[in-house]
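Just so we're aligned: the sequence shown equals residues 1 to 518 in the working numbering. Beta carbons are placed, not taken as given, at the ideal position from N, Cα and C, and that holds for glycine. On a predicted model such as this, the values are computed, not experimentally measured, just so you know. These notes concern the structure reproduced below.
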Amino acid sequence: MYLLKYCKWIWIILALWVVGGLLLFYNPKTQYNNEIVLAAPRDIAPGPKDPYYISSIGMVWEPLIGVDANGQIAGVLASGWKGQNDNKDWVISLRQNVTFHDGSPFNADAVLKNVERWQNMKTKPSPFYTFNYKALYPGLTQIEKIDDYTVVFHLDKPDPVFPERLINFSSAMFNPNSYDMTTGDFINTDIGTGPFKIVDRQTNQYVVLQRNDQYYGEKAKSQFIRIRTIPSAETRYAALKAEEIYGVVDIGAMTPALSLELLGDSRFAMSKNRNTLNQVLTVNESRWPFSDSRMVKALSLAVDRDILLQQYFSGQAQPNINILNSLNPFSIDLPITYDMEKAKELSAEVLQGKRVQAKLLIPQYGLNRYSYKEVAQYLQYLYKELGIDISIVILDGSAFSKLSSQGNYDLSLGTMGLANYAPETIFNTYLADKGRMNTLYKVGYHDDEASMLLKKLDGLSTIEERIPVYDRLQVIGIEHPPTIILGSDLNALIYNQAKIKGYNALTYGVSLQTIEWR
1 MYLLKYCKWI WIILALWVVG GLLLFYNPKT QYNNEIVLAA PRDIAPGPKD PYYISSIGMV
61 WEPLIGVDAN GQIAGVLASG WKGQNDNKDW VISLRQNVTF HDGSPFNADA VLKNVERWQN
121 MKTKPSPFYT FNYKALYPGL TQIEKIDDYT VVFHLDKPDP VFPERLINFS SAMFNPNSYD
181 MTTGDFINTD IGTGPFKIVD RQTNQYVVLQ RNDQYYGEKA KSQFIRIRTI PSAETRYAAL
241 KAEEIYGVVD IGAMTPALSL ELLGDSRFAM SKNRNTLNQV LTVNESRWPF SDSRMVKALS
301 LAVDRDILLQ QYFSGQAQPN INILNSLNPF SIDLPITYDM EKAKELSAEV LQGKRVQAKL
361 LIPQYGLNRY SYKEVAQYLQ YLYKELGIDI SIVILDGSAF SKLSSQGNYD LSLGTMGLAN
421 YAPETIFNTY LADKGRMNTL YKVGYHDDEA SMLLKKLDGL STIEERIPVY DRLQVIGIEH
481 PPTIILGSDL NALIYNQAKI KGYNALTYGV SLQTIEWR
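This is the structure:
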């Protein structure tokens, strides 16, 4: 144990020395007056071809409907909404006296132009949430302007959770003057209505945000915030220690182990909030023995989630087994069962005395956000008792995506995001025969009852009618798992409390508008 601790400290010292030298080569063209520098593990402003251009973390654009600091649904650019005609028509009232960054008005015409852009884009990839018109707005046939600040979304079937579908990225509103209507690509940076605007960026290097002094709401405390792209967790750690940066943002902003090291320094603090991610073990159920649902159930029962999350996530995740993240208002509490003996029994029934070789894939970017290598080794140890010999394969992002899309894997570690609060989004992704996990990752999942219930939802016009179906689908998710949920992630953000204040973790991102120097 002493040797392990000694080696760990040697590794950290070497990382600081090597990485510290690398930091010297970071030399932005322009530094802005009193800018506060933060960092993220990925580029939060990927550029004009991204459907959002910048993550919602940047607070450059705003949605019609979002969530508050506690994760409750709340109007942002929408001041209210109401379902009519058995929830086939949704009347959205718009906030008045709002302008885009170039001074042009936000109004019903702007909303109609945004919907036209959605229809023209159809589908567009993004590192945040892939834009897919049909998946996000099923049944949307038309949008109608009633007056300058009222629109109606017309659907061809009842949808009592249409407002939940519009949360955050799903109803991002952009300046019609800022994009090409045909492609959806952006043509300038005057894209949003938010408290910050983009003034400078270098792809995979940084984005600089400037306070929007014309913002209709509370003005940001800081005039300039720079968010650097630093993929390596060790480099982010070193940059914080050297006060090259003063906080980290985005999912997996700092690995649990390095977070604990930083919290040993009185300069640093952590702000935490629930978020919309689940930590998951994806199982390729098109391959034997995982094509037998008993084996998938065994894999889940063998995991002591309390130990897993305490040891390897250091309080940055909470136990959960539900495919609906705990932040979702329709999520129900489900019993989390750890039963290694039952897991062995189920595995023995399937394997009949055989041992199986299986590959567990980990994306390299995952190692820079979470303790996935240690998690994989823990699972490797557990599953050996079930007759499964795991080999751990670490791949760069493109290789990981290629093997996953080919179905050329047995298991993989990753996160499951919640793009919006409509339960159908997750249910269709994981439980439907033509869901994204089956079509993109070849998981081979099918459940007769789940398929029947998903079809039944289309004919239910009220939330009250849908809730029993939602509840049953969540139970199916643990009786016949489409993937193994290890826990619900927390948005755990380290920052330099000695230098800055107002650093509050949100369910996605941080309260940029309240951050300021001490």
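(1) Among G75, Q84, D159 and S126, whose alpha-carbon lies nearest the alpha-carbon of T425?
(2) At which residue ranges does the stretch 174 to 257 contain complete beta strand (DSSP E) runs of 3 or more residues, listed in the order of the chain?
(3) Going by DSSP in three states, A69 sits in which element: helix, strand or coil?
(4) For K297 and P482, what's the separation of their Cα atoms in angstroms?
(5) CA-CA distance, L411 and N284?
(6) Please tell me whether Y370 and G397 are closer than 8 angstroms, where the distance is taken between their beta carbons.
(7) Which value, in whole angstroms, describes the spacing of the CA atoms of L112 and E218?
(8) With distances taken from CA atoms, which of S170, D433 and G184 is nearest P521?
(9) Specify whether the stretch 491 to 502 and the stretch 266 to 286 touch according to this definition: at least 3 beta carbon pairs, one from each stretch, less than 8 angstroms apart.
(10) Does R165 pass the burial test, meaning 16 or more other C-beta atoms within 10 Å, or should it be called exposed?
(11) By the three-class DSSP mapping on this structure, what secondary structure does V443 have?
(12) Use the C-beta contact count for Y381: other C-beta atoms within 10 angstroms, 16 or more gives buried, fewer gives exposed.
(13) Three-state secondary structure (DSSP) at K122?
(14) Quick one: Cα of G75 to Cα of M59, how far?
(15) Return the CA-CA distance between R339 and E385, expressed in angstroms with no decimal places.
(16) Since W521 sits in a beta bridge, which residues does DSSP pair it with?
(17) List the DSSP bridge partners of S170.
(18) Roughly how many angstroms separate the alpha carbons of E349 and T337, rounded to a whole number?
(19) Hey, could you find the ends of the beta strand (DSSP E) T425 is sitting in?
(20) Does I274 come out as helix, strand or coil in the three-state DSSP assignment?
(21) Between N322 and S331, which are expected to be in contact by the criterion C-beta below 8 angstroms, what is the C-beta distance as a whole number of angstroms?
(22) Exposed or buried, what is G83 when buried is set at 16 or more other beta-carbons lying within 10 Å of its beta-carbon?
(23) Would I73 and W81 be called neighbours here (beta carbons separated by less than 8 angstroms)?
(24) Going by Cα to Cα distance, which pick from Y508, L309 and W517 is closest to D250?
(25) Would you tell me roughly how many angstroms separate the C-alpha atoms of G502 and V199, rounded to the nearest one?
(26) For D458, collect the residues of the same chain with a Cβ closer than 7 angstroms to its Cβ; drop the 5 residues on either side in sequence, then sort them by chain order.
(27) Looking at the secondary structure, which residues open and close the alpha helix (DSSP H) in which K297 lies?
(28) What does a CB cutoff of less than 8 angstroms around M437 pick up in its chain, not counting 5 residues either side in sequence?
(29) Does the separation of the CB atoms of R274 and L490 fall below 8 angstroms?
(30) Buried or exposed: E464, going by 16 or more other Cβ atoms within 10 Å of its Cβ?
(31) Is the beta carbon of A432 less than 8 angstroms from the beta carbon of I245?
(32) Along the chain, where does the alpha helix (DSSP H) containing L523 start, and where does it finish?
(33) Please report the distance separating the alpha-carbon of L454 from that of Y441.
(34) Who does K145 pair with in a DSSP beta bridge?
(35) Apart from the five residues on each side of it in sequence, which residues of its chain come closer than 8 angstroms, Cβ to Cβ, to C7?
(36) How about the stretch 388 to 404 and the stretch 131 to 146: do they share at least three Cβ pairs that are nearer than 8 angstroms?
In this structure, then:
(1) Taking the first residue of the sequence shown as 1, we reach residue 425 at position 425. Cα-wise, what sits closest to T425 is D159.
(2) 196 to 202, 206 to 211 and 224 to 229
(3) Taking the first residue of the sequence shown as position 1, residue 69 is located at position 69. In the three-state reduction of the DSSP assignment, A69 falls in the coil class, being assigned neither a helical nor a strand state.
(4) For the purposes of this step, residue 297 is taken as the residue at position 297 of the sequence shown. For the purposes of this step, residue 482 is taken as the residue at position 482 of the sequence shown. Going from the Cα of K297 to the Cα of P482 covers about 10 angstroms.
(5) Mapped onto the sequence shown, residue 411 falls at position 411. Mapped onto the sequence shown, residue 284 falls at position 284. When rounded, the distance between both Cα atoms is 6 angstroms.
(6) As a working note, residue 370 is residue 370 in the sequence shown. As a working note, residue 397 is residue 397 in the sequence shown. The answer is no: Cβ separation not under 8 angstroms.
(7) Along the sequence shown, one-based indexing puts residue 112 at 112. Along the sequence shown, one-based indexing puts residue 218 at 218. Roughly 27 angstroms separates the two Cα atoms.
(8) A question about residue 521 goes unanswered here, because the residues of the chain that appear run from 1 up to 518.
(9) Result yes; three or more Cβ-Cβ pairs closer than 8 angstroms.
(10) For the purposes of this step, residue 165 is identified with residue 165 of the sequence shown, where counting begins at 1. Buried is the call here.
(11) To locate residue 443, count along the sequence shown from 1; it is residue 443. V443 falls in the coil class under three-state DSSP.
(12) The residue given as residue 381 occupies position 381 in the sequence shown. Y381 sits exposed, since fewer than 16 C-beta atoms from the chains shown fall within 10 Å of its C-beta.
(13) Here residue 122 refers to the residue found at position 122 when the sequence shown is read from its first residue. Three-state DSSP puts K122 in coil, outside helix and strand.
(14) Taking the sequence shown and counting its residues from 1, one reaches residue 75 at position 75. Taking the sequence shown and counting its residues from 1, one reaches residue 59 at position 59. When rounded, the distance between both Cα atoms is 15 angstroms.
(15) Locating residue 339 in the sequence shown gives position 339, where the first residue counts as 1. Locating residue 385 in the sequence shown gives position 385, where the first residue counts as 1. For clarity, residue 339 is Asp in the given sequence; the question names Arg instead. Distance between the alpha carbons of D339 and E385 is about 13 angstroms.
(16) As displayed, the chain neither begins before 1 nor continues past 518, which places residue 521 out of reach and without an answer.
(17) Working through the sequence shown from its first residue, we reach residue 170 at position 170. Beta-bridge partners of S170 (DSSP): none assigned.
(18) Here residue 349 corresponds to residue number 349 of the sequence shown, with the count starting at 1. Here residue 337 corresponds to residue number 337 of the sequence shown, with the count starting at 1. So the alpha carbons of these two residues sit roughly 20 angstroms apart.
(19) Within the sequence shown, the letter at position 425 stands for residue 425. That residue, T425, is in no beta strand (DSSP E); its alpha helix (DSSP H) goes P423 to Y430.
(20) Here residue 274 is taken as the residue at index 274 of the sequence shown, counted from 1. What sits at residue 274 in the sequence shown is Arg, not Ile. It is a strand residue.
(21) Reading the sequence shown from its first residue, position 322 is the one you call residue 322. Reading the sequence shown from its first residue, position 331 is the one you call residue 331. At roughly 6 angstroms, the Cβ-Cβ gap stays under 8 angstroms, so N322 and S331 are in contact.
(22) Counted from its first residue, the sequence shown places residue 83 at position 83. G83 is buried by the Cβ-count criterion.
(23) Locating residue 73 in the sequence shown gives position 73, counting from the first residue. Locating residue 81 in the sequence shown gives position 81, counting from the first residue. No.
(24) Translated into positions along the sequence shown, residue 250 becomes position 250. The residue with the shortest Cα to Cα distance from D250 is Y508.
(25) Within the sequence shown, residue 502 is the residue found at index 502, counting from 1. Within the sequence shown, residue 199 is the residue found at index 199, counting from 1. In a straight line, the C-alpha of G502 is about 23 angstroms away from that of V199.
(26) Within the sequence shown, the letter at position 458 stands for residue 458. Counting only Cβ-Cβ distances below 7 angstroms, and skipping sequence neighbours, we find K157.
(27) Counting from 1 along the sequence shown, the entry for residue 297 is found at position 297. S293 to L301 is the extent of the alpha helix (DSSP H) around K297.
(28) On the sequence shown, residue 437 is found 437 positions in, with the first residue counted as 1. Hits under 8 angstroms: T282, T429, Y430, V443, Y445, P482 and T483.
(29) As a first step, residue 274 must be located in the sequence shown, where it is residue number 274. As a first step, residue 490 must be located in the sequence shown, where it is residue number 490. Yes, Cβ-Cβ distance for R274 and L490 is below 8 angstroms.
(30) Numbered from its first residue, the sequence shown carries residue 464 at position 464. Flag for E464 reads exposed.
(31) Locating residue 432 in the sequence shown gives position 432, counting from the first residue. Locating residue 245 in the sequence shown gives position 245, counting from the first residue. With respect to the 8 angstroms criterion, A432 and I245 are not classified as neighbours on the basis of their beta carbons.
(32) Lying outside 1 to 518, the shown extent of the chain, residue 523 is not represented and no answer is given.
(33) By one-based count along the sequence shown, residue 454 stands at place 454. By one-based count along the sequence shown, residue 441 stands at place 441. L454 and Y441 have their C-alpha atoms some 20 angstroms from each other.
(34) Here residue 145 refers to the residue found at position 145 of the sequence shown. DSSP, once it has assigned bridges, lists V151 as partnering K145.
(35) Locating residue 7 in the sequence shown gives position 7, where the first residue counts as 1. Bear in mind that a pLDDT of 45 at C7, under 50, signals an unreliable position, so the number given afterwards is only what the model happens to contain. Only residues of its own chain outside the window of five on either side were considered, and among them none has a CB closer than 8 angstroms to the CB of C7.
(36) no
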